[in-house]
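2 protein chains.
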Amino acid sequence: MPEYTEFLTTEKFDGFEDPVKYEKEWLPKVIAYREALARAIDPKYAIDLPKPIEQLVDDQFNSLDYLYKSNLLTSEELAITETSATELQKQLASGSLTAVSVYLAYAKRAVICHQLTNSAMELFTDEGYERAKELDKYFAETGGQVVGPMHGLPISLKEHYAYRNKVTHASMVAWVDNVTPEHCVTIQVLEDLGAVFYVRTNQPQTLMHLDSNNNFTGLTRNPFNMKLSSGGSSSGEGAIVAFGGSTMGIGSDIGGSIRSPAAFSGCFGLRPTSNRVSLAGAVATISGQESVLGVCGPLARSVEDIDFWMKHYLNNGKPWDLDGTLVRMPWRELPAPSVSGLTIGVIWDDGLVHPTPPITRGLKEVVNKLTKAGAKIIDFKPMKTKLAYETVHKMYNCDGNALNKRVLGTSGEPLTKLTKWSLNYGDGSREYSTTENRELNYIRDNLRLEYTKYMVDNKIDFLISPTYCNVAPVSECVYSWSYTSLFNILDFPTLVFQTGLFLDSEIDKWDDTFKDYQFRSELEKLELEQYDPQTFSGAPIGLQLTSRRYHDEEVVAAGKAIVELLGVSLYKK
Amino acid sequence: MPEYTEFLTTEKFDGFEDPVKYEKEWLPKVIAYREALARAIDPKYAIDLPKPIEQLVDDQFNSLDYLYKSNLLTSEELAITETSATELQKQLASGSLTAVSVYLAYAKRAVICHQLTNSAMELFTDEGYERAKELDKYFAETGGQVVGPMHGLPISLKEHYAYRNKVTHASMVAWVDNVTPEHCVTIQVLEDLGAVFYVRTNQPQTLMHLDSNNNFTGLTRNPFNMKLSSGGSSSGEGAIVAFGGSTMGIGSDIGGSIRSPAAFSGCFGLRPTSNRVSLAGAVATISGQESVLGVCGPLARSVEDIDFWMKHYLNNGKPWDLDGTLVRMPWRELPAPSVSGLTIGVIWDDGLVHPTPPITRGLKEVVNKLTKAGAKIIDFKPMKTKLAYETVHKMYNCDGNALNKRVLGTSGEPLTKLTKWSLNYGDGSREYSTTENRELNYIRDNLRLEYTKYMVDNKIDFLISPTYCNVAPVSECVYSWSYTSLFNILDFPTLVFQTGLFLDSEIDKWDDTFKDYQFRSELEKLELEQYDPQTFSGAPIGLQLTSRRYHDEEVVAAGKAIVELLGVSLYKK
Numbered sequence: 001m002p003e004y005t006e007f008l009t010t011e012k013f014d015g016f017e018d019p020v021k022y023e024k025e026w027l028p029k030v031i032a033y034r035e036a037l038a039r040a041i042d043p044k045y046a047i048d049l050p051k052p053i054e055q056l057v058d059d060q061f062n063s064l065d066y067l068y069k070s071n072l073l074t075s076e077e078l079a080i081t082e083t084s085a086t087e088l089q090k091q092l093a094s095g096s097l098t099a100v101s102v103y104l105a106y107a108k109r110a111v112i113c114h115q116l117t118n119s120a121m122e123l124f125t126d127e128g129y130e131r132a133k134e135l136d137k138y139f140a141e142t143g144g145q146v147v148g149p150m151h152g153l154p155i156s157l158k159e160h161y162a163y164r165n166k167v168t169h170a171s172m173v174a175w176v177d178n179v180t181p182e183h184c185v186t187i188q189v190l191e192d193l194g195a196v197f198y199v200r201t202n203q204p205q206t207l208m209h210l211d212s213n214n215n216f217t218g219l220t221r222n223p224f225n226m227k228l229s230s231g232g233s234s235s236g237e238g239a240i241v242a243f244g245g246s247t248m249g250i251g252s253d254i255g256g257s258i259r260s261p262a263a264f265s266g267c268f269g270l271r272p273t274s275n276r277v278s279l280a281g282a283v284a285t286i287s288g289q290e291s292v293l294g295v296c297g298p299l300a301r302s303v304e305d306i307d308f309w310m311k312h313y314l315n316n317g318k319p320w321d322l323d324g325t326l327v328r329m330p331w332r333e334l335p336a337p338s339v340s341g342l343t344i345g346v347i348w349d350d351g352l353v354h355p356t357p358p359i360t361r362g363l364k365e366v367v368n369k370l371t372k373a374g375a376k377i378i379d380f381k382p383m384k385t386k387l388a389y390e391t392v393h394k395m396y397n398c399d400g401n402a403l404n405k406r407v408l409g410t411s412g413e414p415l416t417k418l419t420k421w422s423l424n425y426g427d428g429s430r431e432y433s434t435t436e437n438r439e440l441n442y443i444r445d446n447l448r449l450e451y452t453k454y455m456v457d458n459k460i461d462f463l464i465s466p467t468y469c470n471v472a473p474v475s476e477c478v479y480s481w482s483y484t485s486l487f488n489i490l491d492f493p494t495l496v497f498q499t500g501l502f503l504d505s506e507i508d509k510w511d512d513t514f515k516d517y518q519f520r521s522e523l524e525k526l527e528l529e530q531y532d533p534q535t536f537s538g539a540p541i542g543l544q545l546t547s548r549r550y551h552d553e554e555v556v557a558a559g560k561a562i563v564e565l566l567g568v569s570l571y572k573k
Numbered sequence: 001m002p003e004y005t006e007f008l009t010t011e012k013f014d015g016f017e018d019p020v021k022y023e024k025e026w027l028p029k030v031i032a033y034r035e036a037l038a039r040a041i042d043p044k045y046a047i048d049l050p051k052p053i054e055q056l057v058d059d060q061f062n063s064l065d066y067l068y069k070s071n072l073l074t075s076e077e078l079a080i081t082e083t084s085a086t087e088l089q090k091q092l093a094s095g096s097l098t099a100v101s102v103y104l105a106y107a108k109r110a111v112i113c114h115q116l117t118n119s120a121m122e123l124f125t126d127e128g129y130e131r132a133k134e135l136d137k138y139f140a141e142t143g144g145q146v147v148g149p150m151h152g153l154p155i156s157l158k159e160h161y162a163y164r165n166k167v168t169h170a171s172m173v174a175w176v177d178n179v180t181p182e183h184c185v186t187i188q189v190l191e192d193l194g195a196v197f198y199v200r201t202n203q204p205q206t207l208m209h210l211d212s213n214n215n216f217t218g219l220t221r222n223p224f225n226m227k228l229s230s231g232g233s234s235s236g237e238g239a240i241v242a243f244g245g246s247t248m249g250i251g252s253d254i255g256g257s258i259r260s261p262a263a264f265s266g267c268f269g270l271r272p273t274s275n276r277v278s279l280a281g282a283v284a285t286i287s288g289q290e291s292v293l294g295v296c297g298p299l300a301r302s303v304e305d306i307d308f309w310m311k312h313y314l315n316n317g318k319p320w321d322l323d324g325t326l327v328r329m330p331w332r333e334l335p336a337p338s339v340s341g342l343t344i345g346v347i348w349d350d351g352l353v354h355p356t357p358p359i360t361r362g363l364k365e366v367v368n369k370l371t372k373a374g375a376k377i378i379d380f381k382p383m384k385t386k387l388a389y390e391t392v393h394k395m396y397n398c399d400g401n402a403l404n405k406r407v408l409g410t411s412g413e414p415l416t417k418l419t420k421w422s423l424n425y426g427d428g429s430r431e432y433s434t435t436e437n438r439e440l441n442y443i444r445d446n447l448r449l450e451y452t453k454y455m456v457d458n459k460i461d462f463l464i465s466p467t468y469c470n471v472a473p474v475s476e477c478v479y480s481w482s483y484t485s486l487f488n489i490l491d492f493p494t495l496v497f498q499t500g501l502f503l504d505s506e507i508d509k510w511d512d513t514f515k516d517y518q519f520r521s522e523l524e525k526l527e528l529e530q531y532d533p534q535t536f537s538g539a540p541i542g543l544q545l546t547s548r549r550y551h552d553e554e555v556v557a558a559g560k561a562i563v564e565l566l567g568v569s570l571y572k573k
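Protein chains in written order, with UniProt numbering: chain E, 1 to 573; chain S, 1 to 573.
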């Protein structure tokens with residue numbers, strides 16, 4: 001493993017940054033963009049902050065706790081925003097709730113979330129309100145018909161999904177004027193199903209951080225501890241969904257970008273198997289890259305809502321009619337299985353970066369409950385994780401960052417710390433030949449065969465693993481993608497679920513066996529040396545549940561069973 | 001379009017051929033291989049040829065006609081080999097036929113087929129016999145249980161599928177000693193379902209011809225006119241399945257390699273959507289190439305048997321448990337639709353190479369019958385076929401033929417004419433960068449979106465098109481892949497079906513409208529100038545039926561309806 005400092009160099013990346021050009025030609029547009037966002041915070045929904053943001057960060061402020069304790073919402077608003085999408089939809093369909101009443105509660109909570117966590121990239125609450133009114137009008141005029149199964153549900157959107165007649169820049173300054181005339185496929189499907197849109201959320205420069213920094217709006221903060229990161233690259237989605245500012249949201253994931261924000265921010269997120277949910281029309285610098293496919297998937301506050309989203313998106317939305325690159329695979333509705341019949345492999349350590357104490361505690365508690373409930377637990381040492389890690393990281397950059405260079409170099413915008421980090425992945429600026437790229441694909445396919453065979457031969461239904469070596473990191477200090485990117489190269493569907501546990505600075509200390517721990521790499525050293533229970537206090541502990549390719553339905557069904565067993569509910573009763 | 005002669009040069013391909021090395025180090029092994037094949041023709045099954053092969057070729061001999069008229073088979077053998085696999089399986093399962101009796105009839109017919117058409121690459125009829133005996137023993141000992149739904153069905157295999165403890169060389173001399181210790185996934189699945197294996201079939205050098213020539217065993221002849229090609233690259237499969245030497249066979253298709261032999265040789269063949277049927281363990285020089293995916297699929301003498309193969313292979317075989325690169329998608333059993341409810345787009349001309357008279361006549365007859373039956377027919381001018389053609393041909397060679405060079409150069413074997421032709425596809429020996437390769441993928445994905453949208457917006461259920469501009473070509477004179485490779489780049493499932501029509505040299509002449517036809521390219525000139533009704537006399541007229549990705553079941557179901565409407569049966573009553 002090269003030294004940390006080498007990873008933060010841009011020496012190899014001539015032609016990216018150009019401060020003079022950036023400040024003259026581009027910064028004014030960026031400032032205008034920021035100002036528009038600030039203006040879009042409608043006073044009708046906004047609160048007065050209890051302290052300046054910097055102080056809240058220093059205080060490791062728990063924004064959700066504050067929301068509840070300070071009664072920022074009326075009891076009706078609270079009731080609405082503490083109800084699952086699955087349940088809300090029934091109330092909307094029966095007419096016991098109007099789309100406008102649902103919308104107003106969520107818009108308020110979303111704006112408060114943004115004020116505290118900086119979750120939004122774009123707010124358009126007026127448009128959402130108009131849409132909600134139209135839906136109510138439709139409902140009234142048709143004698144109680146809904147537009148579709150998502151009628152009236154406020155849904156948040158990662159900015160990188162193209163939105164009709166709005167700018168989609170994917171946190172790249174060069175795209176600050178990129179107005180997309182049509183919705184991308186997934187937004188179109190959700191709109192056709194009746195969803196209400198009002199917020200597009202934050203993401204990092206290049207989309208290749210498990211964090212959020214960018215030159216437009218900067219960092220998104222963790223709702224449970226504002227000193228920490230909300231994760232990334234679906235950074236704003238993690239924060240807004242966990243905070244309850246939307247019923248559900250959509251992220252995207254090529255190395256952990258749905259799962260890291262779900263785990264860090266404290267909600268649920270599904271990375272489906274590739275090509276089930278459409279990414280067509282999402283804006284990024286990876287067009288045509290298919291060695292490791294990005295996927296679109298939902299974040300929500302319950303597994304039921306993940307199931308609800310997938311079922312209606314696929315079975316009612318039929319996205320394959322709009323996007324010819326998708327697999328035509330309806331969602332199979334499965335009952336939650338009996339935990340006692342499950343065989344689960346547990347990854348206690350991937351051999352690359354050992355988990356910190358709260359993660360190991362989370363795994364142990366889950367395993368204890370599963371064991372008591374009769375599940376068969378197998379300690380699973382994942383195969384060839386170093387090869388998988390190195391291969392997938394080579395894949396990310398095997399165009400020698402050509403597209404990133406073209407787009408970043410156009411504006412000359414400053415590279416954030418984690419952009420530098422990820423530009424150095426693999427062989428960084430060296431462009432692979434087609435043959436070299438094919439060799440990576442060949443390694444990938446053999447890994448898929450080997451893991452599939454192992455799970456089939458050993459009758460392992462699911463894997464449980466850390467999402468990351470730690471809970472939510474300090475912003476801009478998340479380096480290792482090893483636990484998440486393994487399932488990108490394998491293309492295994494993975495649900496991040498909450499254990500209901502949070503870091504407890506009294507409990508989650510390294511035990512004596514780690515006194516003389518020898519770091520296995522610079523990467524591990526870098527990650528583990530920053531661990532300090534006090535810093536991460538209160539961060540949620542979220543884990544991954546995984547199965548083989550196209551077993552998405554099984555993962556979600558088992559996720560329901562496990563979450564029920566753990567007694568986790570993110571809704572305030 | 002470059003001139004024809006330029007396409008047959010190897011000037012750009014230094015390091016491929018090495019006559020001295022080849023003759024000294026490799027030719028003896030090739031000769032030994034040929035001799036082993038000749039010795040494997042068991043006299044118990046073989047016939048005396050009516051004339052030397054060269055004369056039969058000159059005579060444009062119809063080998064199937066000869067089989068029937070000369071009573072080469074007993075009436076029991078004929079009855080067995082003129083029964084569909086779907087029906088045979090019932091008789092095997094009920095005990096009214098033994099596996100041995102079925103096997104002996106097919107082994108005989110397969111050997112005769114090989115003697116006449118040169119369809120086999122490897123014969124092992126002794127092993128097949130032992131396997132059939134074992135299956136009968138199992139049936140007797142278990143009181144009438146079958147091993148699986150393919151119990152006792154003789155199935156032929158393209159040589160490029162790795163077979164346990166046999167050489168798999170994919171018609172590359174350098175691999176003449178490549179003994180593969182395990183079955184590839186698809187052969188393993190078929191064996192587990194009860195299939196009987198006894199023949200592996202011919203294919204061209206590099207697998208990239210719609211024809212069959214190679215340095216091991218040379219050309220496979222068309223069963224209906226021995227002067228013509230059986231197609232390729234699943235060359236031997238086309239011949240043996242059409243001749244009735246196996247119940248069903250497996251081919252592979254990256255540019256037309258299942259469909260061309262099915263159409264030319266006179267049977268049915270399905271190119272499924274990618275990643276439904278396993279290619280894992282198939283040997284070729286394209287490992288890791290995924291811009292245009294090769295697919296495995298069945299050839300058979302009826303659409304029912306294609307359906308039978310897909311259903312049992314997927315639903316009983318569950319290949320995704322063995323091959324983690326597959327889509328987990330069981331086969332949906334669909335009834336044949338009513339033709340009157342179908343909307344069918346017809347490609348009369350792809351704008352690149354105009355069809356010859358028999359193909360146009362075939363299209364017209366089918367369209368007339370469909371129209372009479374109430375189907376809605378739309379003349380469909382396919383979009384951007386030149387871009388699609390150029391892009392897919394660039395994809396084939398975008399590693400600059402690096403792997404082909406490595407393997408062909410190892411033996412220095414002579415390059416056949418059509419190997420030279422296909423090595424010149426795209427940019428030939430220039431290796432693409434990852435970025436250039438991604439640009440091809442991006443074009444491909446946009447083509448998929450555009451064709452999908454067009455079919456959805458216009459409510460087109462299926463497309464009918466030529467398989468090739470002509471019927472079966474003269475050997476080594478098939479150049480244009482435009483009609484087949486379009487559906488490889490789109491990844492649309494496509495069934496080749498027989499129209500029941502054959503080239504009639506009295507009817508199938510260019511009409512007057514073609515007197516002053518201006519060729520649109522050198523490629524079109526090359527293809528169409530060779531047309532002469534007499535040469536192609538008696539060749540079957542097979543067409544393509546296509547739908548959108550993952551509509552394989554719909555294609556097969558509609559194929560049944562259309563074939564029934566046309567009154568086509570390939571079984572002698």
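A virtual CB, placed ideally from N, CA and C, is assigned to each residue, including glycine.
Exercise. Alpha carbon to alpha carbon, how far is S/Pro355 from S/Ile443? Give it in angstroms, no decimals.
Key: Separation of S/Ile443 and S/Pro355 (C-alpha to C-alpha, rounded to the nearest whole angstrom) is 26 Å.
Checklist entry - Terminal residues of the continuous alpha helix (DSSP H) containing S/Met383? => result Per DSSP, S/Met383 lies in no alpha helix (DSSP H) and is assigned neither H nor E.
Which class does E/Gly148 belong to by DSSP, given the choice of helix, strand or coil? coil
Taking the alpha carbon of E/Tyr425 as the reference point, which residue from E/Ser482, E/Asn214 and E/Leu270 has its own alpha carbon closest?
E/Ser482
Report yes or no: do the stretch 132 to 141 of chain E and the stretch 61 to 80 of chain E share at least 3 C-beta pairs separated by less than 8 Å?
no
**OP:** Check the Cβ-Cβ distances between E/Leu352 and every residue of chain S, and say whether any is below 8 Å.
**Re:** no
query = If you measure from the beta carbon of E/Cys398 to each beta carbon in chain S, is any gap under 8 Å?
reply = yes
Practice problem: Pull up the distance between the alpha-carbon of E/His169 and that of E/Thr273, whole angstroms please. | Solution: 26 Å
Worksheet item: Who are the near neighbours of S/Thr410 in its chain, counting only those whose CB is closer than 6 Å to its CB and skipping five residues on each side?
Response: Ala174
With 16 other Cβ atoms within 10 Å as the buried cut-off, status of S/Phe61:
buried
Original post:
Since E/Asn222 sits in a beta bridge, which residues does DSSP pair it with?
Top reply: E/Asn225
_Distance check for S/Ser429 and E/Ser287, CA to CA, integer angstroms please._
Rounded to the nearest angstrom, the two C-alpha atoms are 25 Å apart.
*Since S/Thr285 and S/Val474 are thought to touch, with beta carbons under 8 Å apart, how far apart are those beta carbons, to the nearest angstrom?*
Contact doesn't hold; Cβ gap of about 27 Å is too wide.
Any beta-carbon of chain S closer than 8 Å to the one on E/Ala284? no
Give the straight-line distance between the Cα atoms of S/Val30 and S/Leu207, rounded to the nearest whole angstrom. 18 Å
**Request:** Ignore the nearest five residues each way along the sequence and tell me which others in E/Leu116's own chain have a CB closer than 6 Å to its CB.
**Result:** Non-local beta-carbon contacts of E/Leu116 in its own chain, meaning distances under 6 Å to residues more than five positions away in sequence, involve Ser63 in chain order.
- Message: By alpha-carbon positions, which one of S/Gly144, S/Asp457, S/Tyr106 and S/Val185 ends up nearest to S/His160?
- Response: S/Val185
Residue range of the unbroken beta strand (DSSP E) whose run includes S/Glu122: Ala120 to Leu123
Run the CB neighbour count on S/Met395, radius 10 Å, all protein chains shown included, and call it buried at 16 or more, exposed below. So S/Met395 counts as buried.
Amino acids of chain S, ordered along the chain, whose beta-carbon sits closer than 8 Å to that of E/Asp321
Going along chain S in sequence order, the residues near E/Asp321 (Cβ under 8 Å) are Thr452 and Val456.
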